[in-house]
Every structure is written in structure tokens, then in C-alpha cells.
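Trainee: If you scroll down you'll find the structure; I have some questions about it.
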Amino acid sequence: MTETKTAAKRFAYYPGCSLKSSGGEYDHSTRAALKHIGVELTEIPDWVCCGASSAHNLSHELALALPLRTLILAEPAGLDVLAPCAACYNRLKVAETSVAQDPDVKKRMEEIVEKPFGGSIKTVNILDALEQIGFGETRARVVKPLAGLKAVCYYGCLLTRPPKKLTGSDPDNPTGMDNLLAALGAEPKFWSYKTDCCGAGHAMARSDVVKTLVGKLREAAEEAGAEAIVTACPMCHANIDMRQETEPGNRMPVFFITELMGLAFGLPQAQSWLKKHLVDPLPLLKKLNLL
Amino acid sequence: MTEENVNQQESESKTGSEKIGAVMVVGGGIAAMQSSLDLADCGFQVHMVTNQPCIGGNMVRLDKVFPTNDCSMCIVSPKLVTVGNHPNINIVTMSDVQKIEGEPGRFDVSVNKRARYIDESKCTGCAECAGVCPVHIPNPTNEYLNEFGAAFRLYPQAVPNWFAIERERTSPCKSACPAHISCQGYVQLIAEGRFKDALEVVRARNPFPSVCGRVCFHPCEEQCTRNKVDEPVAINNLKRFISDLELEEAGIVGKASGIDRPTDPSREPWKTKEKDVAEREEKVAVIGAGPAGLTAAYRLAQGGFPVTVFERLPVAGGMLAVGIPEYRLPMAILKYEIERIERAGVEIKLNSNIDGADGVDKLFNQGFKAVYIAVGAHKDMKLGVSGEDAAGVLSGIEFLRKAKLNEETGIGKKVLVLGGGNVAIDCARTAMRLGASQVTLACLECREEMPAWQWEIHEAESEGVSVLNSWGVKAIHATDGRVSKVEFKRCSQVFDEKACFNPMFDDSVATSVEVDTFIISIGQRPDVNFSGNGSGVKVSGRGTVVVNEKTAETDRPGVFAGGDCARGPWMAIGAIADGQNAAVSIMRYLNGEDMTAPRYEDEMPPATDADQKTISSAARIPRNKQAEVDPEVRKKSFIEVEKTYSPEQAVAEAKRCLSCGPCSDCRMCEMICQQNAIDFNQTDVDMNLEVGAVILAPGFETFNPKGRLTQYGYGVYDNVYTSIEFERFLSASGPTVGHIRRKSDNKAPKNVAFIQCVGSRDATVGNEYCSGVCCMYTAKEAVIGKEHEPDMDCTVFCIDVRAQGKNFDRYYETAKNVYGVKYVRSAISGIKEIQKTKNLLLTYMGEDGKQATQEFEMVVLAVGLEPTSTNRKIADIFGVKLNEYGFCETDPLCPTSSGKEGIYVAGAFQCPKDIPDSVTQASGAACAAMIDLAAERGTRITPVQYPPERDVAGEEPRVGVMICRCGFNIGSVVDVPAVVEYCKTLQGVVHAEESLYTCSQDNLDHIIEVVNEHKLNRFVISSCTVQTHLPLFQQTMRLAGLNKYLFEFANIREHDSWVHKENPKIATEKAKELTAGAVARVKEHKALEVFRNEVIQKGLVIGGGPAGMTAALAIADQGFEVFLIEKESALGGNLINNIHYTVEGSDVQNLLIDLTTKVEAHPRIKVFKNCSIKEVAGHVGHYSTTLSTKKTKSEEAQTIVVEHGICIVASGGNEFKPDLPFWDDKRVMTQSELGRALYTGDKKITEAKNIVIVQCVDQRNENRKYCSKICCSQAVKNSVKIKDDNPEANVYVLYRDIRTYGFKELNYQAARDRGVVFIRFKDGDDPVISKEGAALRVSVNDDVLKKELVFEPDALVLSVPVVPSDTNGRLSDLFKIPADADGFFCEAHAKLRPVDFASEGLYLCGVAHSPKPLEENIQQARAAASRAMIILCKDYLEREGMVAQVNEELCAACLTCVRVCPYNVPFINERNRAQISGVECQGCGCCAAACPAKAIQVEQFRDDQIILQETAIISKALQRELVTK
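One line per chain: the protein sequences are A and B, in this order. Just so you know, we're using the numbering used here here: the first sequence kicks off at 67 and counts up by one. Just so you know, we're using the numbering used here here: the second sequence kicks off at 4 and counts up by one.
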């Protein structure tokens, strides 16, 4: 029992490209927040692209082989892989379950990657990871409860779908982020747009579509009584942060859940993460006395 | 019975003598009920085995049924009652089949029956147990939308009408309590505000509720399931609260503010039972008046034994009195409880020291027959350090005792207490209160290791005690002989790796405390000196008395020991438990019983938490805290630290309980039940049943979308419901008593969306089949919903509307056109909830083909039917196969056949289906079993033997009256003795009495005695409802030797005590009036004869198609003769030319050959071909029918009269070619012509490239307002065949709705997989067929593409209607059987009597009833045969004497009676007067009510009787008026 507990506190870390670039604040906040609750992350050596943005549209085999290679690299360490980026998580998890569900796929993939995969490790996203560890430590570390912060949790499409590959949470009403947010002392608002599309797939090509979709999300969040949106996906974050078409004063700040952990833990570097946001969250945080 | 038949049966019974004339029916729903009734009515014994506590299945949960809009409960409950009362049906509830052995005809079945905890032979269904049950569990009948008690009945009309107790486990709190007090029980009673009841529950296991409510360490709370949610229920505080209320009354404690206690005495069931205990002579001695001794003494005294308690101290109570400080347990409270014990007959002798090795001997010498040693552990442990004997060094126990007894303790100002346990804390806090200025507590343990409760340490600290952890005493220094300083060394470890006490010290770290008082409290031990010198009482090395753990016996017979002196120091409740246990042993010892026999705790079910669902869905509610007195105030005095709850707090806290049991074991039901029917010692029972055949009808479950179809937010959004939940909203007995209410705001919705195919036709959830019933039940729910809320809009989102059954399409059209239900052809992929209003947003494709979004206030998911969770087990046990969806796989042409001989299938076990199809199949399955066991008919039935009937004609009426109390149902409202006294004054009444439960078996026997003793010739019972109890009481009359019609019934429950609950006076008067009326009427009752008429045990079957032939064979195979008539020259009907294979692929022509060969060769079937009916005379049991046959080449025309007892009409129907100009074109054909072309490989179809199939040709329109049911399946079947034969061919099916219900949906899927193109057109926008030169043109407006499409097919197939046979009109006239507007015959009831005509003895099956596929016709034919056998198998029919009689002198032959009779019985006879045959009359009374001349009277309901009855009632009521004025 105690053994599994300690094991759960260490993860192999897969940042992926977003966290190394546009989603840098997600990377920093994840590392800092997890470290603060005693979780140790070891970046997977020589990790490669997960194939999220183009590979899976072009080649089914490449889309599985790329993430599988990373999993194979991670396996010797015997740690579950934490992929904070929802897209990365999705690709790694789909690869993991595809080879587990179909021996033929497994064989073919191992031929391509030229290495065997034992299937002994699992991919987790940030919410899974925290749920595994339990919220006890998180609750205990909260020094500035996010009292009064009314927010909707936006999981996006990649954390729960396709349900046959990403078994576990309810594909339409996941609750992990809501529970975490509540543990931080904030007030998660229920809405039914948790896993709707934000349009990230068309982020560049059809910004008009994205604006419509993001507009709907912002409206629904407001209707639900929220003043902020919380995500666990760098694409969702970028999209919603960038594509709100309303008056600048009316735009809703978007947080990474890990940034909020940092704020609630009272980590001094937390404010520096927020500087990258396009919709400035500081006025809201100031209004609520959370800074 | 004809001679031939007799011979036949005899010979069969000789060869088949090993078979058993009994059938087991598995299931309790409508199918199981129908199978059971048919078999039982035909002389077979039936064992109906259901895993539920009652029968009824899903039908009892429906509000209304389609297409008749009948109330489901109203139509099913008479059936329930019939099953329940049937002498040949043995209902085995709460049971599962475990094993089946043997062979067809002779099976041996093992059945496991679960404990009901209520004795079925005693329960009368009075509901008192449910009334006092404090537990709330979700009610499955109401889809968990509301709650009922742990003592429950699934629904009020349940049959058998027995309650059951939901008792799966012991709640962990009860199990954790050493005394096994029903903690959940008293907590839940508190939640209901029943505080006195709650206190009684505690007292049942513990005579010290107030004491324990204060000092108990409550292990119950540690195990409380709520720990898994938030914090445990404050069980102990609640116990204190209820005991404090009593103390308040006694003036012991101050009043808790707040609500009053409920004062209704009827809610205190413990008062209803007075224990009748015999006084005993054997004296028992108890040594020690602590909790163990006093508890044992109390229980023994309650058991009738004289008990004397010897106490060494000047006070009783043991450690409770002298070990627990006043601020934790006031002496007054302890005294109060001890006085209660004394009042029970316990004598306590204080200052009486019994000790020494001969102490026990002395007691025996004084005449005590048993001795209980419970002297506790009052001796302090010594530290063993020098200086311990200095002044100011005190022992903890002694210090506390002196303080409690107000003796001088000798403490100073600077006090040091040594010890980490609770006693040490008590010492420290007591010292503080005795005026010490500095109190320090030191112990070996670190803070976390301290054995004292953490909250006690906190409280001590808050009062100013400072705690020094991890120190061991090094030396005690004294100045002037008094202790002055204690030196400590660091304790580095208290326990070793093995968790043994093994302290290690580090001398280099030291400290010291300056003191003037040093209290040592490091443990205590017993002071036992009964051993040695042959005393026989053995004492262990630890100084404890050695006892047998289970029985508390010491080594000396008759001497028992318990509490701290036996087990070492422990908590009070442990001692109480010991005392309780010892009392049981001592009583058993004195009674000479086996002391090791199971005890209370051995019989408890295992302890587990509430189920996971309850835990995960429990709301988090913080625990209510008891108020505390401010530390600054309390540390100066001995007032109690904590204040008790207010009643509101207590109720709120108690409501946090999660009902783990779910039964709380409070035993209130046991106390209230007047029949002593509650039996908590029941266990599961295994039984064996011998049967000849088995029918499996376990039914279905509805699809639960939770977690399986998450996109609709079911279980997440407030206002999304399943259709079965909506059904319960509509039902008057549902959770909202018939109102449609939103969960979010409890308002009626203004608009409702129904989403179809939820869990059906959906591969993502694994259910690709169509559930067959949802489209219709949705239409019904929308219609009934609108009747409840006329302003409510209903919109149905669907793929197809499947209204394929008889009269279904009319219903659908009415829903649309009359009720305004909107239908949108669009599948809904997801629902959004608006947070502010909790309304729901649906996005769909609108009429115009564009995306539309609409807001709804409620959404109803039309959930499909799924196999039951028990299907797999049933299949494994019985060796039948399940299909990939979990339904039973059956013979495609005979859906009742499981493929295993002797094991048949009925209802939704085979395939999702509606009620009439289930009922039909159930009768069909019964028929199959009857054929197997024909020779054993009647062998397992023992008819009731009645004494000869006494002739009472000419006697003066001597009326007996019995007034029923129905437990509390009537008795608590109506003054029953007053009614009895009143009845005695009525003229003609010679005997009147009351009864507790009139219907209980002992009372029925008593009625027989009373009738005989008083020579009664009339009897009146005033009790409950005629519907359920009349047959039972009439049977009792017969057993008493009276004609059953010399009885009258008054309903003083439903009509009186229930409706006038608030006004007992008026209710009593009304009971008198109703009874007086019944007495007045019964005096005019005559003994009526039961008509008997002989049955001609031969059948007539009209129609030689597959249905007729099947029906004929089914009867003939049971040994009875059948006449089968066919108007054509050959048998076969439509099979001959039109059908070649079924949708499922079965070869129909083989079936035809098989059937005709069997029929033609059957010795008991006489076939008349080219035959028609000329004349019909007679009635059920005996018809004379004149047949005439046409002249043929081989035979002359002839006229024959056949005599028969029943008739089955299977006159069939035909494909109808409407008048269209294209029939001459060879490319145009009907669907069945296409079938034949495919069968024969006709080139016009095999070589066609483009084939267009048009559905619904000249049907479902103004000409023919019905759906022919078979065309969609045929079109699908044929298009699959076309594609299989020629994949290159293009097949286009133009349709309105594809109605491939059930597993036929898979064929539809197969057609689409093969590339058949299905094109939907709108209702009323039929495709246009024309000819352009040689080319055929079909143009259609595609409703999906919103485009006109034009085809030029090589073959054009038209799905034309099926119409009834043209002979139906004549048959209707001859047999007086009604046909509907479409020309099909009308069954007696669309739902529950699908193959009966209203007139008895006449049955229908096949297309004559309605168009349907072959397998359904075959099934229906067997069903008709099964129904007919009920008449045919009898030698004579018995007819109720209660029939209409015509007074010819008054009759004007106005024909009113002829017109109103629903059974077509009255006719105008040769004297030109109405005549009603007693044999045919059903006694309904319609004619008597309608006759303008009052020429018709129905016996028992004669006008003179009714007038007398009413006069009696009114004159009594007038008396009351006068009196009250």
C-alpha cells in the first residue's frame, strides 16, 4: 500500500512542444505546483513529437508509432508518464490503449519502432495524476484559498475522447478539474460545455470558426455565473485567450489549473506565469483579493 | 369426454405415467402471470418462481397502456388477484432457481428462497410495520424518485400482499458496539422525531443510555460509513440527547429548548407489547454493582428471576460512580438509571463485601442458584520508584473516588499527574477543579501515542493543563516527608517493533517538575480474591477471573464472571455487553438449556457499509457539534462540560445517517405487528420443486443511460428523465401523485422533448435492436401528459415512428392531429443545460433541413428494453442459449420454443415486445407445456372438499356479523367494540364479534365454528375490499356448510377508516351504517345454485391457414377432437402461394408441408374443405354448427351438423391490390409477388438493374387507417435477397417509416450494409408513378435531401395492404362477434385478452385479428388453443348463480337489453319476450340497470335488496343527524 503511494508521487514527464513554447506557463506552473506537493518529475530522455497536430491526420501508423516510441523510452524507468498537454496526453494514451487492445497493432508498431513495449506504464494527464495522488496534500498546502473565484472548468475535447480509448471519466461530464478547483477553495460552476470544441483544429486556417466557437463558450461560461475559465490544455488556453471577440473589458481570463494551484499555494513565481496571458487576469484576482 | 378420448387419455397416462402434471413458471410479470393462469385453469399445478417479493413485473409501474389508454394498474390488478387467489398457483417469492435436473416431463428443480424476515403465513398486509419503520430507502417501483421504508411492499396492490424487510447486512455501527445496540435504529428514529421510540431501542440492549451517552468511547462512530463521506454521525451525542429528554421529564437535567416531542401514542410501538413473564424462584447473586453487574441483574430481573447485588462501596455504579468525575457524569444521572434498574426488581445491598475463597460458597449456602462476579478493576498499579510512599503521592483511582464521594483528597496547589490515559486526564481535570493552581500531566508516550482520546487531551489543555510528552520518572524527591519534585528522563521509545510495551530511556536528557502533589495513574487491575482453597474460581496471572469467552462461565459451575474483573480494564459499554451476555448464560444455565447455542450477535447478518452508490452520492453535511461550557467557567466547577443537542440539532444530525442496513434493526415493526409475523431469525431456505415443464418469463429491464449514454446529461441535469420516470410522474400512485414536476423548481414544464431510441438501435451501447415499444409509449406519454397539463407542448424527436401493431397507427395519428404532439425526424446528439433556468437546449435538423435550436423545460429519454441481469444465470441453469444481446434465442418459427425440450419461453425474455404480444406468447408457451403434459392434467390438483350445503330455505334469518380491526387500519379509527355492540341490536343478528384480522387463517377457522355453533344462516363481514377478499370469505361460507351467496360484505376500511382518519366519531357511525345496510341486505339473500352445463369436448377451428392448422393441432395433440374447416379446396391459406421464407430466413414451404401432413393424418382432426358455415346455435360448452361443403369432383355437396364446445376463428386475410393502372405492366408487382419471383428466380427480377420498392401503398391513409405491419420487414427481406443474388442491382426503398421492430432491425441494418438505398418521403407526399412511353417513372420528394428524385425502374414493387378475409362479415353475424372499422375481428381486450372474444368459448388468431408475420400468427394460434383448453378440458362448466332474470310479465320487448349487453346474450323469444340464458349471462347487470320496465333483476342485486340496504343506511344516518343536532 505504502509502496504504490510513493510510486504515484513520481512521474516520467512529457512536456511536448506546446509546453516548451506557447504554453510555457503551463510547463512552469505544472513543475512548480507538483514539486510543492512532493511530486517528482523526470523528463523522458530523447522524447519526440507526439504527432498531435499533423501526424494523425496523415498517417495512422505514424500517429501511433511516434507516441509509442516515447512510451518505450519511458518504460525502463518504470514510472507512469505525465503529459500535461491534453493533445499529447491524447496521442500517448491512444497509442497505449491501441497496442493493449489489439495484438496486431502492437506487433506492427513494435516493428516500426524496432523496440518492444511491455505495456507496464500508463499515461496520465494532470487531473488523473492528482486524482491518483489524492487531494489531501493539495488541500494541506493551500495557504491562499481562492475564495470567491467563480470559474468554469473547460476540459476540451482531448482529455476524455474517444471514450473507448481514454477509458475512465465521463466523456460529457468529467469532474476531476472541478474537484481540484474546489480543493483550492475556488467555486467551480457547473456548465454543460465542459468538453465542447473550442476550434483548436482550425486555429490557423479558419479563425472565423474558432471565434464563433470561443464566443459560445465565453457566453455559456458567463451564463453559468463564471468570471473565469480554467483549462488543462495549451491549445484550449491559447484559443480562448486569443479569440474572444467581445469588448476588451468584457473578456474572460483563462487559467491553467496548475497556475491556480500555484496561486493557492502562495508560490512567489505564480504572478510571473500570468504575464503571458492575453486577457489580463490580474484585475479579477485583485478584485477578489487573491494576489 | 368422448369414449375415444377417455381411451386415448388412459393409454397415454399408462405410457406417460412418469410425467408430472406441474409446471414451473420463472418470473412474475404479465407473461408469467398469463402462462400460470392458463395452466392452472387447465388443471395443472403451477409454481410461479419470482426473485421479487411480489408479482406484477413492469406492468404495475406503467401509468396507462397504449393504444387503449386504460389505467395499467386497473387492468392488471384483477389479474394479480386472480393469480394470488388461484388454488392451483403456488407463488414462490424472493427466490432464484439454482439447479435443474431430470428430463422433460419430470424435472427436479432446486430453488433458493431468500429471507423475507416476515412470516408469509401470518402477514395480512396491514402495513403497520411500514408505518413505524424509520428507515428511508429509494423506492424501485417509483424508479427511485421517492422513498419507502425498510419494511416495504413494492406497491400498494402487491400480490401476494405480504410485506418484506430489506435487511441485507448489519450496519457497521451496530456491529462495532460491544453491546450491539441498534445504533442505526435509534439514530433513524431520532431523524423522524420519535425520541421515545429511540430511547427504547437503546434500552433494549443497554440499561444505561444516559450514562453511555456521556462517557462511551463510541466505537460505533469509528466504524460509521459516513467516515467515507465526511465525518461520522454523532451517534453518542444523539443517544445522550434522547436520554436527556427523559431526564428532563424526571427533573434531573435542565430543559433542552426547541420543538416538542411528538405526542401521538400510536407512534410508540414499544408500548403496544406487554411482556408476560413468569415469576421464577431461583435466586441469583451478583457481586459488584458496576455496569456489568447491574446490567446482568436488570436482564435477569426482567426474565423473572429474583436478583440481589452485593456492593462493597457505599454507592452503586462501580467505576461509573467512583471513577468518572462529576463534570463528565453527574451522580444524579447515574442514580436515576440505577433506580430504574431497582424498580425492575433488583435488590442492591451496599457496603456488602463478598470476598475470600469461600465468598462464593457462602452465597450458594444462602440459597442462590447462580453467582455473577463483576467486581471491576479498582486497584491502582504502582510505579515502583523510591519515594512513592511520600505524602502527597496519590493513586489516581483512589483520588478520583475520594473526589467523587466528596472525601478529602489531600491535594495541594502544584499537581503533577503521571499517565497518558483517559483516567490520568480525568485526574488532571479533577485536580484543576479542586483548586490546584498548576496542573501538569506527564507521560511516556509522545502526543500521537497517548492512549487518551485526543479530544479529551484538547479539552484538558483548554482548561489549562500542560502536557509533557515522552518522559519517564527517574526519581521522586520529598521535602519534610511530602513530595516536592519529580525528576524525569527522556523516553525514547514506548513500544518496540512488535508493538509491545517496552519503554527505552535516554538518561542524558532530563527535566524535573516542582510539585506538592503527585498523582500516579498508570493503570488499574482487578482486586479479585475468590480463588484458591477449592473455591473453583480460577484467576489468571494478570489477576483476572478466567472465563469462557462466549458463555462467561468460570471453572465453577453456576459461577459466572464478566466486566473489567474478567477481561481487564475496558470501557463501560464493554462491561454492559458482558453483563448482557452473562444474563443470557445464567438464564440458560438455570433453564437447563445449551449455553453455547447461538446468541443475538451470532444471528446478525454480516456487517458492511451502505452500498457504494449511496456513499458516492451522499451530500457532504458537517457534523453537528454539542455546545460546550466555556473552559474558564467549567474549570472552576464540576458542571457538565458539554451541553446536549437541541431537538432540531438532533434531528438534523440523525438525518446524516446513510441507512447501511438498510433495515436499522430497531425492531419497531416487531413490536407493532399484531400478528407476530416479523421474524428476524429467518434465513434463506432451499427447496425442491417437481415439475413436468418450465416456462421462462423473467421479463426485461429498462435501459439506464447513466454512464452509458452521457450526451443527454441524464443524472447530471436536473430536468432530464427517462420515460419510465415520466411514467411514474403520470401515475397517481407515483412520487408526485400524478403531477409532472421539474426537479429544479417543482413546476410543471411548459414544453417537453421526447428523445427516441435511447439505448435502442444504437451500436455504441451494444443494443442494435429496436425495442419495439418506445414509439408507442412515447405517443401515449405525450398524450396523457397533455391530458395532465393541457398547455404543455410535446415534441418527439425520432428516426422512424414505429406504430406497427393493431390500432397503433390510429393512436399515433390522434396524438399528432388531436393532441397536437409534434414529431421531428431528427436524432438528437446532445443536450445543453442553461444554468440560470435549468432549461435544456436541443439542436436538431429542422423541417427546412437547416439546423435549429430549441429550448425545452423537460426532456424525456425514451429508454429501450434490455435483458434482465438474471438472464445469463437463467440461461446457464436451464441450458438455453442467449443471443448476442442477452435475449433468449428461440426457434424463428416458434418463438416459445427454447430449443430445449420441456423448457419454453415467454415475454420479453425472448425479444423486446409489448404487453399483448407477451400475453399471447405466454399463452402459447402454456399451450406447449400442456401438450407435453396432456396426460397428467389434473393429477397434481387437489380440489377443496366442501361439506354438504345446509338447506336454509324457510329459516328465519340468523345473521352473524364480524367487524374487522385490520390491526390498526380500522381499529385505530373506528371504535370497533361500539360497532359490535350496535350490531347486536340489529334485528336478525344473533351473533356479533370483532376480529383482529378477519382474513387470517385462524380467524377463518373461527368463523366456521361460529356459524355452526350459532346455527347462523347469513353472515356479514365489515372489513376491507370486495375485490380482493370476497372469494376468500365466500369460500369460508362454503366450508361452513352455507351457500356462498348467503354472505354480504361492508367495506369499512377504504370507504371509512382510511378516508375519515381525522374524524373517528363519524367513522364509527359510518361503520355502523354500512354494516346495518349489509345486514338488511343479507337477510334477503337467497341460496343460489351454481349452474352446471356439460361441455362437448370438441373444438371447431375456422380457417385452414397456418394459424388454423396450428390451433387445431395444439388441441388435438392434447387428446381432443377438432373440426377444421377451410373454404378453399386445399389447406395452407396464404402460405400456398405467397410466402416462401421469413425475414429470419426460415423456409416456409417446408413448414406448410409439415403442417398439412400432420393435420391431414391426425386421428382427432376432421378436415372439411370447400366448406362454409350455414348456421350456428348454442353457447359456450355446447355449440351446434351447420356446415355445408361444395360439390367437388370427388365429393357431393353435403350439409353436416357438428357439435362442439369452443370455436377458434382463424379466417385469415389477403394481400389487397388497390385499383391502379399499372398492374398489367409485368414490371409492377406486389411485395409477395416479388418474394415469389425471388424464390423462383424469375428473370424480371434477377436481371433488373434498378428496382424501386414503394412502401405504404394505399394504406395508413384515409382508405385504410392502419399499418399492415409486415410490409417493411418484407421489403427489407426482399431487398437483402436481391442484393445477395445480384450485388450490382440498385435497390431503392421509398418509405415513410421503416417499421422493423425487435430483431428485425438487424435485417434493416443488413440491407443498408448491402447498399440498399432508403429514401424517406413525407406523410401525404406519396411517390408519383407514371408511364413515359415504355418507361415506368417514379418520382419522390426526398424528405432528407429536400429534393425531388426521379427513377426509371426495371422493376417496381408496391407494398400493398393486407385486408381481412371477405368471410369475416358473415362469421361476425353467425357468432355475434364484433369486427372493427377495418374489418378485423375485435378481441375482448387489446392488452390482456388478445386472443379471446368477449363472448366466452370463442377465440381468434392469425390475420383475422390483424396483419402480422407468420411466427406471430403461429404463436397466436397456440395461445388461442391454450385459452380454449380452459373450457375444453372440463366435463362441465360452472356458472355463477348471480345472473339476470327476466320477468316476462313486465317485458315489453323493447330490445334495450339486447342492445346494451356486452356479451350479446339477450334475445327475443318465441313468446315475444326478452330471454337471457343463465348459462351465458356474465352477471354484469347492464341490462338490469337499463331495462325501462324494471323487468330484469340480477340476483343478489335485486331492487328490493338494494332499497332495504339503502333504507337501513339512511335511517341510521338520520338518527345520527338528529343526535348531533
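Think of the CB as a built atom: it goes at the ideal place given N, C-alpha and C, for glycine as much as any other residue.
How should residue 939 of chain B be labelled, buried or exposed, when 16 other C-beta atoms within 10 angstroms of its C-beta is the threshold for buried?
Mentor: Buried is the call here.
Trainee: In the DSSP assignment, find the alpha helix (DSSP H) that holds residue 691 of chain B and state where it starts and stops.
Mentor: Counting along the chain, residue 691 of chain B falls outside any alpha helix (DSSP H), though it belongs to the beta strand (DSSP E) covering 688-694.
Trainee: For residue 1039 of chain B, which residues of its own chain have a beta-carbon under 7 Å away from its beta-carbon, when the five flanking residues on both sides are left out?
Mentor: If we look at residue 1039 of chain B and ignore the five residues flanking it on each side, its Cβ neighbours are 1007, 1010, 1011.
Trainee: Got a sec? Which residues, its chain only, sit under 6 Å from residue 1092 of chain B by beta carbon, not counting five neighbours each side?
Mentor: The residues are 1444.
Trainee: For residue 756 of chain B, name the three-state secondary structure that DSSP assigns.
Mentor: DSSP places residue 756 of chain B in strand when its eight states are reduced to three.
Trainee: Anyone know if the C-beta pair for residue 212 of chain A and residue 340 of chain A falls short of 9 Å?
Mentor: It is not a contact, given that the beta carbons lie outside the stated cut-off.
Trainee: By a C-beta neighbour count over all protein chains shown, 10 Å radius and 16 as the cutoff for buried, is residue 21 of chain B buried or exposed?
Mentor: Classification of residue 21 of chain B: exposed, given that the 10 Å Cβ count is below 16.
Trainee: Between the region 705-719 of chain B and chain A, which residues of the former have a C-beta closer than 8 Å to a C-beta of the latter?
Mentor: Answer set for the region 705-719 of chain B: 710, 713, 714, 716, 719.
Trainee: What do you get for residue 1035 of chain B, buried or exposed, if any count of 16 or more other CB atoms within 10 angstroms of its CB means buried?
Mentor: Residue 1035 of chain B should be labelled exposed.
Trainee: Report, in whole angstroms, the separation of the C-beta atoms of residue 749 of chain B and residue 862 of chain B, which I expect to be a contact under 8 Å.
Mentor: Actually they do not touch by this definition, with Cβ atoms about 17 Å apart.
Trainee: Any C-beta of chain A within less than 7 Å: which residues of the region 833-855 of chain B qualify?
Mentor: The residues in question are 835, 836, 837, 838, 839.
Trainee: Suppose you measure from the CA of residue 263 of chain A to the CA of residue 273 of chain A; what does that come to, to the nearest Å?
Mentor: Roughly 14 Å separates the two Cα atoms.
Trainee: Taking buried to mean at least 16 other C-beta atoms within 10 Å of its own C-beta, is residue 259 of chain B buried or exposed?
Mentor: For residue 259 of chain B, the predicted structure reports a pLDDT of 42, less than 50, and the residue's modelled location is therefore unreliable. A value from the coordinates is still provided. Flag for residue 259 of chain B reads buried.
Trainee: Does the beta-carbon distance from residue 185 of chain B to residue 659 of chain B come in below 9 Å?
Mentor: Cβ distance not < 9 Å, so residue 185 of chain B and residue 659 of chain B don't count as in contact.
Trainee: Are the CB atoms of residue 606 of chain B and residue 895 of chain B nearer to each other than 9 Å?
Mentor: Their beta carbons are not under 9 Å apart, which means residue 606 of chain B does not touch residue 895 of chain B by this criterion.
Trainee: Under 8 Å between beta-carbons, which chain B residues line up against residue 289 of chain A? List them in chain order, please.
Mentor: Those are 837, 838, 839, listed as they occur along chain B.
Trainee: If you reduce the DSSP assignment to three classes, tell me which class residue 356 of chain A lands in.
Mentor: Three-state result, residue 356 of chain A: coil.
Trainee: Give the residues from the region 216-234 of chain A that approach chain B closer than 7 Å (Cβ to any Cβ), ordered along the chain.
Mentor: The residues in question: there are none.
Trainee: Going by the beta-carbon positions, is the gap between residue 373 of chain B and residue 592 of chain B smaller than 9 Å?
Mentor: The answer is yes: Cβ separation under 9 Å.
Trainee: Determine which residues of the region 256-282 of chain A have a Cβ less than 8 Å from any Cβ of chain B, and write them out in chain order.
Mentor: Taking 8 Å as the Cβ-Cβ cut-off against chain B, the residues of the region 256-282 of chain A that qualify are 256, 257, 258, 259.
Trainee: Count the other CB atoms within 10 Å of the CB of residue 1330 of chain B; is the residue buried (16 or more) or exposed (fewer)?
Mentor: Buried is the call here.
Trainee: Is there a Cβ from chain B that is less than 9 Å from the Cβ of residue 244 of chain A?
Mentor: Answer no: the Cβ-Cβ gap between residue 244 of chain A and chain B never drops below 9 Å.
Trainee: By how many angstroms is the C-alpha of residue 295 of chain A removed from the C-alpha of residue 269 of chain A?
Mentor: Rounded to whole angstroms, residue 269 of chain A to residue 295 of chain A spans 19 Å at the Cα level.
Trainee: What does residue 254 of chain A touch in chain B if you count any residue whose Cβ is under 9 Å from its own?
Mentor: Near residue 254 of chain A there are no residues of chain B at all, since even the closest Cβ is about 12 Å away, more than 9 Å.
Trainee: Please confirm if the region 581-589 of chain B is in contact with the region 292-306 of chain B, defined as three or more CB-CB distances below 8 Å between the two stretches.
Mentor: In short, these stretches touch, since the Cβ pair count reaches three.
Trainee: Taking 9 Å as the cut-off, decide whether the C-beta atoms of residue 443 of chain B and residue 471 of chain B are in contact.
Mentor: Yes, these two residues count as a Cβ contact at 9 Å.
Trainee: How would you call residue 1517 of chain B, buried or exposed, if buried means at least 16 neighbouring beta carbons within 10 angstroms?
Mentor: Label assigned to residue 1517 of chain B: exposed.
Trainee: Whose C-alpha, out of B/1369, B/39, B/1376, B/192, is nearest the C-alpha of residue 90 of chain B?
Mentor: Among B/1369, B/39, B/1376, B/192, the Cα nearest to that of residue 90 of chain B belongs to B/39.
Trainee: Just to confirm my understanding: we take residue 65 of chain B, look at its own chain, exclude 5 residues before and 5 after, and list those with CB closer than 6 Å. What are they?
Mentor: For residue 65 of chain B, where only same-chain residues beyond five positions count, the Cβ hits under 6 Å are 75, 730.
Trainee: If you scan the region 140-224 of chain B from start to end, which runs of the alpha helix (DSSP H) of 4 or more residues do you find wholly inside it?
Mentor: Taking only runs of at least 4 residues, the alpha helix (DSSP H) segments lying wholly in the region 140-224 of chain B are 175-179, 186-194, 198-206, 212-218.
Trainee: Beta-carbon within less than 8 Å of residue 1000 of chain B's beta-carbon, same chain only, minus the 5 sequence neighbours each way: which residues are those?
Mentor: Here the set comprises 127, 129, 677, 678, 967, 968, 969, 970, 1006.
Trainee: Residue range of the alpha helix (DSSP H) that residue 305 of chain B falls in?
Mentor: From DSSP, the alpha helix (DSSP H) with residue 305 of chain B extends over 294-305.
Trainee: I think residue 92 of chain B touches residue 921 of chain B, with their Cβ atoms under 8 Å apart; what is that distance to the nearest whole Å?
Mentor: 18 Å between Cβ atoms; not a contact.
Trainee: Would you say residue 211 of chain A lies against chain B (beta-carbon separation less than 9 Å)?
Mentor: No, residue 211 of chain A does not count as interfacial toward chain B.
Trainee: With a CB to CB cut of under 6 Å and the five nearest residues on each side skipped, what residues in its chain are close to residue 1512 of chain B?
Mentor: Same-chain partners within the cutoff: 1080, 1083, 1084.
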